[in-house]
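Report on the structure given below.
There are 2 protein chains.
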Amino acid sequence: MIETDICIIGAGPVGLFAVFEAGLLNLRCHLIDALPQTGGQLSEVYPQKPIYDIPGYPSIRAADLITELEKQIAPFHPTFTLGERVETLEKRGEADFLITTSEGTTVAAKAVVIAGGLGCFEPRKPELPDIEAYERHGLDYMVRDPEKYRGKRVVIAGGGDSALDWAVYLADIAGELSLIHRREDFRGAPDTGNKVLALAEQGKIRLFLSSTLSGVGGEGSLQYVDISGLEGSPTRLETDALVVLFGLSPKLGPIETWGLNIDKRAIEVDTRDYSTNIPGVYAIGDINTYPGKLKLILCGFHEAALMAHSAYAYMNGGKKVTLKYTTVTGISGF
Amino acid sequence: MIETDICIIGAGPVGLFAVFEAGLLNLRCHLIDALPQTGGQLSEVYPQKPIYDIPGYPSIRAADLITELEKQIAPFHPTFTLGERVETLEKRGEADFLITTSEGTTVAAKAVVIAGGLGCFEPRKPELPDIEAYERHGLDYMVRDPEKYRGKRVVIAGGGDSALDWAVYLADIAGELSLIHRREDFRGAPDTGNKVLALAEQGKIRLFLSSTLSGVGGEGSLQYVDISGLEGSPTRLETDALVVLFGLSPKLGPIETWGLNIDKRAIEVDTRDYSTNIPGVYAIGDINTYPGKLKLILCGFHEAALMAHSAYAYMNGGKKVTLKYTTVTGISGF
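Protein chains in written order, with the numbering used here: chain A, 509 to 842; chain B, 509 to 842.
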């Protein structure tokens, strides 16, 4: 059992900065995230993209912002449980919560902060009957280890960055590689799209454009996919592996069942302190909603500051802490 | 007459960042500040001090934060009236305001944003009868041009950073330099305090510690000061110049008379958009108050973002603007 002052669910930029604001008030934090690394969407979805609206940074790469936030919170030694999804929240008493993850990790905390962004990212799946039967039996929604596909017949479905990047990468590894995309143009980076077209001309990728995945089949494990084009009957393609890369779709997940007031997949909060309807449970960043809400990282930073002061009072019998300025006092780590 | 979309009163960090958020919505800004430079307190009071709680900056010097914010807003070409204090606000109609400054500059704007920090900084003055008669006649509350004191007999009163910094600087310039401080210890940086003590030992500064300025006098201009120590009668010291550096004290000033709801020298706002009781007039940063308010720069940044979206709707007949992400669209300057 991990024991801490504040359990922060979500290790994106807002969850990370919450550690800093809590640390200034001498509160320790433990963070849980379903992704295997910190940074949330910034690490997972757009690490190389510049962000222009972080105050004081005319431009900063998403991955660099996470690096700087990690440096900023280092004096307060946050601890992490990564790659596990939160499942249950139990309020055992005032300032006494127990959180359990998908892997059975338990965290006891005096306050809980949900900084879950848009929620857990889950892969978008093709709408085909029995598709789930082939998951982990030839059907994957992400490439964990490319070596798994060496020498095999592989079909990739999708036309975004992930699909194109992996098509180029696996063209040299797979025994036979096919790419199915429902349009004539790719959604991903034009450069990579051109590489895919060049590999198709060299015969290293078999392209099915304006085509959809219309069926999957096999005994026990995946053995073929059916591909429907604009005309004629579907083409049946024998394959060892199908990798569907239709992107990630955010889900609120188990948090929906915790008894929180939810409006359109966001948690309703009070703007005085970003508290939810459960005393001691806060929601900050993109996962919350209130009148005037803008889903901006910089707004989550503000929410984290007000949350920390309220959480301090909540776990100290209502005692308020006086705001001290870091320009005057500096930072005292743990 | 200057015409703009938003007139921002106060060019500190929050006023500057408001230009960015307004610019993203294609709104132009004009800023007015009583200080002769941008940056507010960060430039005037603590330019060299590191700030530790700007999200994404483990540490940044106050002056550097202002420099970065100026770079960030440059694409939106803000215009400035510096060194003038706002005096009057007239609402001529919906989305039609007229602002006038102490120097008679007029600005017509569709919305007004008060980002005035703690207000106008005015020097703290010694409580002595007739002290005002000597202002600009030998008595100064700031050092504008150190050369003015070359070869003269100078008395500095105060024990904070400004007093110590100028005592060290003027020790080489003044013909004779005395420093009066009411305590035995200085309030300013210990390093500078030690320099002052060393200069006193070398006979370059005459120190009056645990002493107060108890009188000033002279015909037409300042000719002497009286200094009272712990014991005995006051010492009369002949001097050409007295520089009182007791710090700056913020005043709300003429803004108090504009009909805004004010609570303890701060302007009451609605947290949905940081609007005041006058439609079209907003207050952001340290100058506003609401339940849960923390006087942090990072909170002012959030307030600026919500204000900009509301101001856009206010001046466009209630039409809301869709939030676009800079990671997706980049920045389009004017």
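The C-beta atom is built at its ideal place from N, Cα and C for all residues, glycine as well.
Quick check on valine 527 (chain B): does DSSP put it in helix, strand or coil? helix
Any beta carbon of chain A sitting closer than 8 Å to that of arginine 780 (chain B)? yes
Do arginine 691 (chain A) and leucine 707 (chain A) come within 8 Å of each other at the CB atom, strictly closer than that value? no
For the candidate residues B:Leu687, B:Glu635, B:Ala542 and B:Glu602, whose alpha-carbon lies nearest to that of threonine 613 (chain B)? B:Ala542
Spatial distance of serine 686 (chain B) from arginine 695 (chain B) (CA atoms): 17 Å
Kindly identify the DSSP beta-bridge partner or partners of alanine 821 (chain A). In the DSSP output, where bridge partners are listed per residue, alanine 821 (chain A) has none listed.
Could you work out which residues of chain B lie near aspartate 561 (chain A), taking near to mean beta carbons separated by less than 9 Å? Phe528, Glu529, Leu532, Gln580, Ala813, Tyr833, Thr834, Thr835 and Ile839
Let me see if you follow: with CB-CB separation under 8 Å, is leucine 543 (chain B) close to chain A or not? no
What residues from chain B crowd round lysine 557 (chain A), counting only those whose CB sits closer than 8 Å? Thr835
Is DSSP giving threonine 743 (chain A) helix, strand or coil here? strand
Determine the direct distance from the alpha carbon of proline 563 (chain B) to that of proline 544 (chain B), and round the result to whole angstroms. 28 Å
From what residue to what residue does the alpha helix (DSSP H) around proline 698 (chain A) run? 698–709
Examine chain B for any beta-carbon lying closer than 8 Å to the beta-carbon of glutamate 576 (chain A), and answer yes or no. yes
Select from B:Gly711, B:Thr512 and B:Thr797 the residue whose C-alpha is nearest the C-alpha of asparagine 534 (chain B). B:Thr512
Mind listing the chain B neighbours of isoleucine 568 (chain A)? Cutoff is C-beta to C-beta under 9 Å, in chain order. Gly564
Does the CB of glutamate 689 (chain A) have a neighbour CB from chain B at under 8 Å? Reading the sequence as shown, one finds histidine at residue 689 (chain A) and not glutamate. No, histidine 689 (chain A) does not count as interfacial toward chain B.
I'd like the span of the beta strand (DSSP E) that includes tyrosine 732 (chain A), first residue to last. 732–736
Test: histidine 772 (chain A) CB closer than 8 Å to a CB of chain B: Here residue 772 (chain A) is lysine; the residue named in the question, histidine, does not match the sequence. Judged by the 8 Å Cβ criterion, lysine 772 (chain A) is not in contact with chain B.
Could you tell me the alpha carbon to alpha carbon distance between proline 566 (chain B) and cysteine 807 (chain A), rounded to whole angstroms? 19 Å
Write down every uninterrupted run of the beta strand (DSSP E) in the region 765–798 of chain B whose length is 3 residues or greater and which is fully enclosed by it, in chain order. 774–776 and 789–791
Which residues does DSSP list as the beta-bridge partners of arginine 644 (chain A)? Answer by DSSP bridge pairing: none, since arginine 644 (chain A) is not bridged.
In chain order, what residues of the region 773–807 of chain B put their CB closer than 7 Å to some CB of chain A? Thr779, Arg780, Asp781, Pro799, Gly800, Leu802, Lys803, Leu804, Leu806 and Cys807
Can you find a CB in chain B that lies within less than 8 Å of the CB of leucine 535 (chain A)? no
Helix, strand or coil for tyrosine 565 (chain B) per DSSP? strand
Can you give me the Cβ contacts of leucine 753 (chain A) inside the same chain, cut-off strictly under 6 Å, excluding the 5 residues immediately before and after it? Gly666, Ser670 and Ala671
Between which two residues does the alpha helix (DSSP H) carrying alanine 671 (chain A) extend? 669–679
Can you grab the Cα-Cα spacing for the pair leucine 705 (chain A) / histidine 645 (chain A), in whole Å? 29 Å
Following the continuous alpha helix (DSSP H) through isoleucine 581 (chain A), name the residue where it begins and the one where it ends. 570–581
Closest Cβ-Cβ distance between tyrosine 820 (chain B) and chain A: below 8 Å? no
Strictly under 8 Å for the Cβ-Cβ distance: is tyrosine 642 (chain B) near chain A by that measure? no
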